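In full-length UniProt numbering, the protein residues as written are 1 to 82.
Structure, as structure tokens:
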């Protein structure tokens, strides 16, 4: 039983700590390749795609969250719109 708990804990730590770091590194590398070439290349598109996938899996990608979860300037307005 303890083996299962430690295995799950290890997997959770990897997902929470390592995956966002890997996604950030791939994103920076992909952006660097695009800047160096002056246009998107196959390698940069692949790296950025993997980075987006890793961010989605880690739960750190803001672009795919539901609209209700993001704060907008309208949601900070305390006046009634009635």
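Ideal Cβ positions, reconstructed from N, Cα and C, are used throughout, including at glycine.
In this text, all values refer to a predicted model and were calculated from it rather than measured experimentally.
Residue i versus residue j - alpha carbon distance
{"i": "residue 37", "j": "residue 30", "result": "11 Å"}
{"i": "residue 50", "j": "residue 16", "result": "17 Å"}
{"i": "residue 22", "j": "residue 3", "result": "27 Å"}
{"i": "residue 11", "j": "residue 47", "result": "23 Å"}
{"i": "residue 33", "j": "residue 5", "result": "41 Å"}
Local Cβ density within 10 Å of residue i, reported as buried at 16 or more and exposed below that
{"i": "residue 18", "result": "exposed"}
{"i": "residue 25", "result": "exposed"}
{"i": "residue 55", "result": "buried"}
Where the alpha helix (DSSP H) through residue i begins and ends
{"i": "residue 22", "result": "19 to 37"}
{"i": "residue 49", "result": "42 to 58"}
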